Every structure is written in structure tokens, then in C-alpha cells.
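Down below is the structure, laid out as C-alpha cells.
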Amino acid sequence: MGLRNVATALPALLRRALRGALCMLLALGAGAAPVLGALPDIGDPAGSLVPAASERRLGEALLQELRRKGLVLEDAPSQAYLRGLADRLAVAAGAPARSFTVFLVRDRSINAFAAPGGFIGVHTGLIRAARTESELAAVLAHEMAHVTQRHLARTFEEARRLSLPAAAALLAAALIGTQNPDAGGAALAAGMAGVAQHQINFTRAHEREADRVGVELLARAGLSPEGMPRFFERLAREQRLYGREPPEFLSTHPVSASRIADARARIAALPAGHEDSLEFQLVRARIEVLTAPEPAAAAERFRKTVARGTHPSREAARYGLALALLRAGDAAEAVPLLR
Numbered sequence: 000m001g002l003r004n005v006a007t008a009l010p011a012l013l014r015r016a017l018r019g020a021l022c023m024l025l026a027l028g029a030g031a032a033p034v035l036g037a038l039p040d041i042g043d044p045a046g047s048l049v050p051a052a053s054e055r056r057l058g059e060a061l062l063q064e065l066r067r068k069g070l071v072l073e074d075a076p077s078q079a080y081l082r083g084l085a086d087r088l089a090v091a092a093g094a095p096a097r098s099f100t101v102f103l104v105r106d107r108s109i110n111a112f113a114a115p116g117g118f119i120g121v122h123t124g125l126i127r128a129a130r131t132e133s134e135l136a137a138v139l140a141h142e143m144a145h146v147t148q149r150h151l152a153r154t155f156e157e158a159r160r161l162s163l164p165a166a167a168a169l170l171a172a173a174l175i176g177t178q179n180p181d182a183g184g185a186a187l188a189a190g191m192a193g194v195a196q197h198q199i200n201f202t203r204a205h206e207r208e209a210d211r212v213g214v215e216l217l218a219r220a221g222l223s224p225e226g227m228p229r230f231f232e233r234l235a236r237e238q239r240l241y242g243r244e245p246p247e248f249l250s251t252h253p254v255s256a257s258r259i260a261d262a263r264a265r266i267a268a269l270p271a272g273h274e275d276s277l278e279f280q281l282v283r284a285r286i287e288v289l290t291a292p293e294p295a296a297a298a299e300r301f302r303k304t305v306a307r308g309t310h311p312s313r314e315a316a317r318y319g320l321a322l323a324l325l326r327a328g329d330a331a332e333a334v335p336l337l338r
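Residues in the sequence shown are numbered consecutively from 0, following numbering that gives the first Met the number 0.
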């Protein structure tokens, strides 16, 4: 599977990793009454069908599959930065550090996704598109909120109240909805309009909750909550102005004007927080070079950026130029830039 196909592969891999849980659910209900609510409780309401340990195994299986396909960017400095940012948000959420496993996905599209068990995939294209640390942290906080609020497990719990056929449809839509909430509802339209509308409402409620929890996490972590609405607005504005296909993030996380307005209303009473960091800009430059098809072309782009002084961080721009030159085999020009 080529790297260019990762955008198509990820939903399939997510569905494959979760298919076992769906089969288990249906098997549990096959010999029981047609209403899943008759199944016994085996834990807290959100985890009665998908215990935390099982979610963790599902997430580990997904990450293993992505690594096997060569879709994970294994870069120690970038990974260390991302892990530190995730730990900062985790502590703000009242969870221990290392509660989340955050990894980089080799994909130039602007997106991120939450998988079961605290696993969060961040596309390299998202880091390149974010202009400040708070914008990257906003997306990370949104995805972490999906995990802390156990939205997938809650979808399974909701399915217990339905008949088996309706539950199967609801869960199938939920798997699609992990990548596109609107498509998740649309998948149910044929013959199950009532359940479809229920799932649409259920998933939109999850998105609103992730927004709310996400901006609160940013504020508690000392990061600017303004990063969330600003990043969403810029993506939507660029799509409108240039007539492009919407960024993948907007396709999988549809952002309405009301959602942006809600986010702005919430942050009005929150502290401003820290907007950016040199470490983020260094990692952003590093990822741009590591994912560039031609190091020489990347070096030329950074050379122009340094000359024009248009990069948010001169140090990061010089670092990006030096790294690109090293990868292009020009150590003589690169080494002085690193001094």
C-alpha cells in the first residue's frame, strides 16, 4: 500500500481493528432477547460493553498495523515533542502523564484521529498546516476529549438500548463516523431513518462535547484556547477563497459557524494562555523537511523563507534550511547554519 493511499487506508484499518468488538457484541446478543438492554452490566455504564483493557488492545492492534504498513513516522525528536505536549494536556485533564499514545502518521493531509484505548494519530500534514503550538494543541485536545469522554464506548452503550439489527446499523455508522460524523449518519439512511437521525444527533453531541472539553484542556494547560476556533476558521476560509476540496480535517470533523461561535463564547471567560513555542516551530520545520519528496527543493524553499524573514521563527527557518541541506548532501553550507 503506497503512502498516498493512507487517507483511504486509515478508515479501513480503524474499521478492521474495531470489527472484533462489534462481532463480540452481536455474538453476546445472538442468543439473548432481541433488546440489547437485557445484557448484564460488567462495569461502568460507558465501559460495560467495551472495557478499558479491551479498548487498549484494539488501539495497540491498530498502531501495530499502521507500523507494519510503514505509515508511522518514527522520528525521535518529533515524537518526543508530541509526547510532551500530549502529557501536558493529559495532566490538565487530571490523568497521569503517558496516559495517551500519540504517534505521527505519514500523510500530508490535514487531519488527526482518536482510536480506542488512548491512541491518537496525528498526520504530518496537520503539523505543517498549524501555524502555532496552540493550533496543534487545539486539535490534539479535541481528539483527547473523544478519548477521555469515551465516545466510542458510549456509542456501544447506546446500542444496548436498540434491537440487534438497529444496534448493528448504529455501530456500523459509528465506525464510519470516527472519520466523518455526517457520513456516519448518512450510512443509516436506507430503511432506518429513525435510527439514522438518532446517530446523527448522538455523534454531533460528541463533537460538541469534544470542543467544550478541548478548549477547557487548553486553558488548564496554559495554552491559548483561541487556537481552536482560529485554526478551524482558517481552514474553512482558505477552502472557500481558493475553491479547493475541503481539508480532510473539515471532511472528518465538519465545522459549522455555530460550532465556531460556541467555541468563541466559551473562551471569552478563559485565560489567554501561551500561543507558541520555539520547540513547536523547530519540529514543524523538521517534519516539513523529513516529508519533502526532494530535499533540494525543500532547501530552496527554506532559503527563500530565511531571506524574506517570513517564517514565525528565524531560528526554526535556519534549522529547516540546514536540515534540508544535510539531507541533500550539502554539509558545507549546512554546518555553519547550526552554529
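Don't be surprised by glycine CBs; every beta carbon is placed ideally from N, CA and C. Predicted model, so just to flag it, every value in this text is computed and none were measured.
Next item on the list: Flag this pair as touching only if the segment 291–302 and the segment 133–148 have three or more C-beta atom pairs under 8 Å; answer yes or no.
Entry: The segment 291–302, when compared against the segment 133–148, does not touch it at the 8 Å Cβ threshold.
Item checked: Separation of Ala-331 from Met-143, as counted between CA atoms -> Cα-Cα distance, rounded: 43 Å.
Check: Is the beta carbon of Leu-125 less than 9 Å from the beta carbon of Val-146?
Finding: Contact: no.
Checklist line | Gly-221, buried or exposed, once every other Cβ within 10 Å from all chains shown has been counted against 16 | finding: The residue in question, Gly-221, is exposed, as its Cβ has fewer than 16 Cβ neighbours within 10 Å.
Check: Thr-100 bridges to which residues according to DSSP?
Finding: By DSSP's assignment, Thr-100 forms a beta bridge with Phe-118.
Note to self: So for His-273, helix, strand or coil by DSSP?
What the structure shows: Here DSSP, grouped into helix, strand and coil, assigns His-273 to strand.
Notebook entry, point to check: In three-state terms, what does DSSP make of Leu-72?
Noted result: Secondary structure at Leu-72: coil, using DSSP grouped into helix, strand and coil.
Item checked: 4 or more residues per run - each alpha helix (DSSP H) lying fully within the segment 250–321 -> Fully enclosed alpha helix (DSSP H) runs of 4 or longer: 256–266, 277–289 and 294–307.
Item checked: N-terminal and C-terminal residue of the alpha helix (DSSP H) that Glu-59 is part of -> 51–67 is the span of the alpha helix (DSSP H), which, as asked, contains Glu-59.
Next item on the list: Would you kindly work out how many angstroms separate the C-alpha atoms of Arg-313 and Leu-281, rounded to a whole number?
Entry: If I take the Cα positions, the gap works out to 10 Å.
Check: Can you check whether the CB of Leu-269 is closer than 9 Å to the CB of Val-214?
Finding: Cβ distance < 9 Å, so Val-214 and Leu-269 count as in contact.
Next item on the list: Would you kindly check if the distance between the Cβ of Val-104 and the Cβ of His-122 is under 9 Å?
Entry: Cβ atoms of His-122 and Val-104: closer than 9 Å.
Margin query: I need the straight-line Cα distance from Arg-338 to Pro-50, nearest angstrom please.
Written below: So the alpha carbons of these two residues sit roughly 52 Å apart.
Next item on the list: Let me know if Ala-209 comes out buried or exposed under the rule of 16 or more other beta-carbons within 10 Å of its beta-carbon.
Entry: Its Cβ being crowded by 16 or more others within 10 Å, Ala-209 is buried.
Check: What separation, rounded to the nearest whole angstrom, lies between the Cα atoms of Gly-83 and Glu-278?
Finding: Distance between the alpha carbons of Gly-83 and Glu-278 is about 11 Å.
Check: In three-state terms, what does DSSP make of Ala-111?
Finding: In the structure shown, Ala-111 falls within a strand segment according to DSSP collapsed to helix, strand and coil.
Notebook entry, point to check: In terms of alpha-carbon separation, which member of Leu-216, Glu-232 and Phe-301 lies closest to Ala-94?
Noted result: Ranking Leu-216, Glu-232 and Phe-301 by Cα distance to Ala-94 puts Leu-216 first.
Check: Which residues mark the beginning and the end of the alpha helix (DSSP H) in which Arg-127 is found?
Finding: Annotation for Arg-127: the continuous alpha helix (DSSP H) segment containing it runs 123–128.
Notebook entry, point to check: Do the CB positions of Ala-262 and Pro-228 come within less than 9 Å of each other?
Noted result: Taking a C-beta distance under 9 Å as the contact criterion, Ala-262 and Pro-228 qualify as a contact pair.
Next item on the list: State the beta-bridge partners of Leu-84 as determined by DSSP.
Entry: Its beta-bridge partners do not exist; DSSP assigns none.
Next item on the list: Give me the Cα-Cα distance between Arg-127 and Arg-300, rounded to the nearest whole angstrom.
Entry: Annotation: Arg-127 to Arg-300 spans about 14 Å, alpha carbon to alpha carbon.
Checklist line | Per-residue burial, Ser-255 [other beta carbons within 10 Å of its own, 16 or more giving buried] | finding: In summary, Ser-255 is exposed, with fewer than 16 beta-carbon neighbours lying within 10 Å of its beta-carbon over all protein chains present.
Checklist line | Extent of the continuous alpha helix (DSSP H) run through Ala-330 | finding: It spans 330–336 - the alpha helix (DSSP H) in which Ala-330 sits, taken as one unbroken run.
Margin query: Once the 5 residues before and after Leu-324 are set aside, which same chain residues still bring their CB inside 7 Å of it?
Written below: These residues qualify, in order along the chain: Ala-298, Glu-332 and Ala-333.
Next item on the list: List the endpoints of the continuous alpha helix (DSSP H) containing Leu-135.
Entry: It spans 132–147 - the alpha helix (DSSP H) in which Leu-135 sits, taken as one unbroken run.
Margin query: Checking the sheet assignment: what are the DSSP bridge partners for Leu-222?
Written below: DSSP, once it has assigned bridges, lists His-273 as partnering Leu-222.
Item checked: Leu-320 classed as buried or exposed, judged by whether at least 16 other C-beta atoms fall within 10 angstroms -> By the C-beta density criterion, Leu-320 is buried, having at least 16 other C-beta atoms within 10 angstroms.
Notebook entry, point to check: Who are the Cβ neighbours of Arg-56 in its own chain at under 8 Å, not counting the five residues just before and after it?
Noted result: Excluding positions up to five away in sequence, the list reads Gly-116.
Checklist line | Glu-237 versus Gly-308: straight-line alpha-carbon distance, rounded | finding: Spanning the two alpha carbons is a distance of roughly 23 Å.
Margin query: Given this structure, state the Cα-to-Cα distance separating Gly-120 from Ser-223, to the nearest angstrom.
Written below: When only Cα atoms are considered, Gly-120 and Ser-223 end up about 22 Å apart.
Notebook entry, point to check: Short check: CB of Ile-266 to CB of Ala-218, under 9 Å?
Noted result: Their beta carbons are under 9 Å apart, which means Ile-266 touches Ala-218 by this criterion.
Next item on the list: Measure from the alpha carbon of Ala-295 to the alpha carbon of each residue in Ile-286, Asp-329 and Ala-284, then state which is nearest.
Entry: Per the C-alpha coordinates, the member of Ile-286, Asp-329 and Ala-284 positioned closest to Ala-295 is Asp-329.
Item checked: Beta-carbon proximity of Arg-285 to Ser-77, cut-off 9 Å -> Yes; because the gap between Cβ atoms is below 9 Å, this pair is in contact.
Next item on the list: Just confirm the distance between the C-beta atoms of Arg-283 and Ala-327, as a whole number of angstroms; I'd bet it's less than 8 Å.
Entry: That pair is no contact at about 19 Å.
Notebook entry, point to check: Quick one: what does DSSP say Leu-324 is sitting in, helix, strand or coil?
Noted result: In the three-state reduction of the DSSP assignment, Leu-324 falls in the helix class.
Next item on the list: Have a look at Tyr-318, Val-212 and Leu-322 and flag the residue whose alpha-carbon is nearest the alpha-carbon of Leu-88.
Entry: Of the listed residues, the one whose Cα sits closest to Leu-88 is Val-212.
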